[in-house]
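Peer 1: In the numbering used here, the protein residues as written are 13 to 257.
Even glycine gets a Cβ: it sits at the ideal position worked out from N, Cα and C.
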């Protein structure tokens, strides 16, 4: 009888302690915020690091041909990319990280990866025209941050997301602004640990802008030695640098 009474008292005491702890935490919003930040930091560290991925160079306004399979006056997310950027991002005539002829209206540190969260008949051999421009339902299963907010129609989960890139001893950061090269639904690689499906251009798994090329210290445009380690990074973890200017 005494043992049963002691068990009941212990349960009551534990219950009261839980209530007291809950009241204390709720009275200290800073603790909740601090804990939330730790959870977010943990999520950041869980983004896979893709190693030794060949990166080719592309640029806003690049025409079809000379290694490009697309007209880069537009991107999969912006049909007026050239206009919104401000001009052709000439990879040869440069002034620092900018083209010599103008100051870009958008971040010159841009890139693409082979995944588009929208259907695009232009980029897909077998496509239902009724799906054109609509979000792929399975994007909510693949994209890490798919559930961080409510996405309105036409708002891409991929556009403007930040990426950390490493080449030898150089570390640079850029924003995803297009899809490619050559593949547009390679979620096993982009959001997993698989190698790129693409076998063209030395198995390229990413395109980088002229600014990123120069920041990383690449040689040439499509050199198989231009490989990077890369991973997604949350915007709040992107350090200051020319990619923020």
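In whole angstroms, give me the CA-to-CA distance for residue 70 and residue 142.
Peer 2: So the alpha carbons of these two residues sit roughly 30 Å apart.
Peer 1: Taking the beta strand (DSSP E) that residue 102 falls in, what are its first and last residues?
Peer 2: Where residue 102 is concerned, there is no enclosing beta strand (DSSP E), given that its DSSP letter is neither H nor E.
Peer 1: Residues in its own chain within less than 7 Å of residue 205 by CB, not counting five upstream and five downstream?
Peer 2: If we look at residue 205 and ignore the five residues flanking it on each side, its Cβ neighbours are 60.
Peer 1: Run the CB neighbour count on residue 94, radius 10 Å, all protein chains shown included, and call it buried at 16 or more, exposed below.
Peer 2: Residue 94 comes out buried.
Peer 1: Do you know offhand how far residue 76's Cα is from residue 91's?
Peer 2: Going from the Cα of residue 76 to the Cα of residue 91 covers about 16 Å.
Peer 1: I'd like to know if the stretch 220-234 and the stretch 178-198 are in contact, where contact means that at least 3 CB-CB pairs between them fall below 8 Å.
Peer 2: As far as the Cβ criterion goes, the stretch 220-234 touches the stretch 178-198, which means the pair count is three or higher.
Peer 1: Tell me the DSSP secondary structure of residue 244 in three-state form.
Peer 2: In the structure shown, residue 244 sits in a strand (DSSP, three-state: E or B).
Peer 1: Under a Cβ-count criterion, where at least 16 other Cβ atoms within 10 Å of its own Cβ denotes burial, should residue 97 be classed as buried or exposed?
Peer 2: Buried is the call here.
Peer 1: Around the Cβ of residue 249, are there at least 16 other Cβ atoms within 10 angstroms (buried) or fewer (exposed)?
Peer 2: Looking at its Cβ environment, which holds fewer than 16 other Cβ atoms inside 10 Å, residue 249 is exposed.
Peer 1: Taking contact to mean 3 or more Cβ pairs, one atom from each stretch, closer than 8 Å, check whether the stretch 234-242 and the stretch 167-179 are in contact.
Peer 2: Verdict: yes, contact present.
Peer 1: Looking at residue 201 and residue 209, is the spacing between their C-beta atoms short of 9 Å?
Peer 2: Yes, these two residues count as a Cβ contact at 9 Å.
Peer 1: Using 8 Å as the threshold, is the stretch 110-121 in touch with the stretch 153-162, meaning 3 or more CB pairs across them?
Peer 2: Short answer: they don't touch.
Peer 1: Only counting the same chain, and skipping five residues up and downstream in sequence, which positions put a Cβ closer than 8 Å to that of residue 219?
Peer 2: Same-chain partners within the cutoff: 67, 68, 69, 70, 123, 124, 190, 192 and 193.
Peer 1: Starting from the Cα of residue 221, find the closest Cα among 213, 234, 215 and 214 and give me that residue.
Peer 2: Among 213, 234, 215 and 214, the Cα nearest to that of residue 221 belongs to 234.
Peer 1: Provide the residue(s) that pair with residue 186 in DSSP beta bridges, ordered along the chain.
Peer 2: DSSP output for residue 186 lists 175 as bridge partner(s).
Peer 1: Apart from the five residues on each side of it in sequence, which residues of its chain come closer than 8 Å, Cβ to Cβ, to residue 63?
Peer 2: Same-chain partners within the cutoff: 241.
Peer 1: Quick one: residues in its chain with C-beta nearer than 7 Å to the C-beta of residue 120, no 5 flanking neighbours on either side, listed in chain order?
Peer 2: Same-chain partners within the cutoff: 101, 109, 110, 221 and 223.
Peer 1: For a test of the three-state rule: what should DSSP assign to residue 38, helix, strand or coil?
Peer 2: Low per-residue confidence applies at residue 38: pLDDT is 48, beneath 50, and the placement is therefore not dependable, though the value from the model is reported in the following sentence. Reduced to three states, the DSSP call for residue 38 is helix.
Peer 1: Compare the beta carbon distance of residue 147 and residue 127 with 9 Å and say whether it is the shorter of the two.
Peer 2: Result no, Cβ atoms of residue 147 and residue 127 do not sit closer than 9 Å.
Peer 1: Per DSSP, what are the beta-bridge partners of residue 191 in this structure?
Peer 2: According to DSSP, which records beta bridges pairwise, residue 191 is partnered with 125.
Peer 1: Enumerate in chain order the residues of its own chain whose CB-to-CB distance from residue 118 is below 6 Å, with the five nearest sequence positions on each side excluded.
Peer 2: Answer for residue 118: 97, listed in chain order.
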